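Please read the structure below before turning to the comments.
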Amino acid sequence: MAVQKRKEVTFPHPKLHSHPKEWNQTWFYCKDTSPTDENPLPGYRPHRLSNTHPFPQRLTTKERANYAPQLSKLRAFMANRLTGVDLARCLISWSILPLSRRSGLMCEYTGSLKDAQRHIDIQLTDAEVTEAVKKMLNKPEAVCGQTGLLPLCTFNNREL
Numbered sequence: 001m002a003v004q005k006r007k008e009v010t011f012p013h014p015k016l017h018s019h020p021k022e023w024n025q026t027w028f029y030c031k032d033t034s035p036t037d038e039n040p041l042p043g044y045r046p047h048r049l050s051n052t053h054p055f056p057q058r059l060t061t062k063e064r065a066n067y068a069p070q071l072s073k074l075r076a077f078m079a080n081r082l083t084g085v086d087l088a089r090c091l092i093s094w095s096i097l098p099l100s101r102r103s104g105l106m107c108e109y110t111g112s113l114k115d116a117q118r119h120i121d122i123q124l125t126d127a128e129v130t131e132a133v134k135k136m137l138n139k140p141e142a143v144c145g146q147t148g149l150l151p152l153c154t155f156n157n158r159e160l
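When the letters of the sequence shown are read in order and numbered with UniProt numbering, they come out as residues 1 to 160.
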């Protein structure tokens, strides 16, 4: 980064700070582009889980009964080798930020470049998606390049 001094300016000359506590004394400008009827800051949630919360190792019988439909669907996905890599490929290729506010449900995504749920209007190639997943998950390229559920997708070269 290059910092140049300019003559006859009314604001202080910029300098690079060596410690984070000095950062709040710098001059910066930003433009609020959020809609006028929407709060520009994310909502406050006082009851967030701490990252040291002790999770139980196994579900109880009562909890297992409550989640039986979801668990059976998860088992079906895992039997067809659907993994977190597939989810990451989906979100990256759709250009959707998973934790952002959106105007509709994920199932209402149209796939169009002008869809309101996309955060960019650029269509990524398959190689770019694979490279992004590889960087994000730190997995081998062979794993990151596989797509689709095995019985439904012909790209994985599995004989039925």
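Here a beta-carbon is modelled for each residue, glycine too, at the ideal position from N, C-alpha and C.
These figures come from a predicted structure and were not determined experimentally.
Counting along the chain, S34 sits inside no alpha helix (DSSP H), nor does DSSP assign it H or E at all.
Taking the CA atoms as reference points, K139 sits about 15 Å from L82. Between V133 and I96, the C-beta gap is not smaller than 8 Å, which leaves the two residues out of contact.
Judged by DSSP secondary structure, G84 falls within the alpha helix (DSSP H) whose first and last residues are G84 to W94.
Taking the C-beta atoms as reference points, L137 is found nearer than 8 Å to A88.
The Cβ neighbour count for R64, taken over all protein chains shown within 10 Å, is under 16; the residue is labelled exposed. A direct Cα-to-Cα measurement between Q57 and D37 gives close to 44 Å. Taking the Cα positions, E141 is about 13 Å away from D86. The beta carbons of C144 and T130 sit closer together than 8 Å. Rounded to the nearest angstrom, the gap between the Cα atoms of R102 and A116 is 8 Å.
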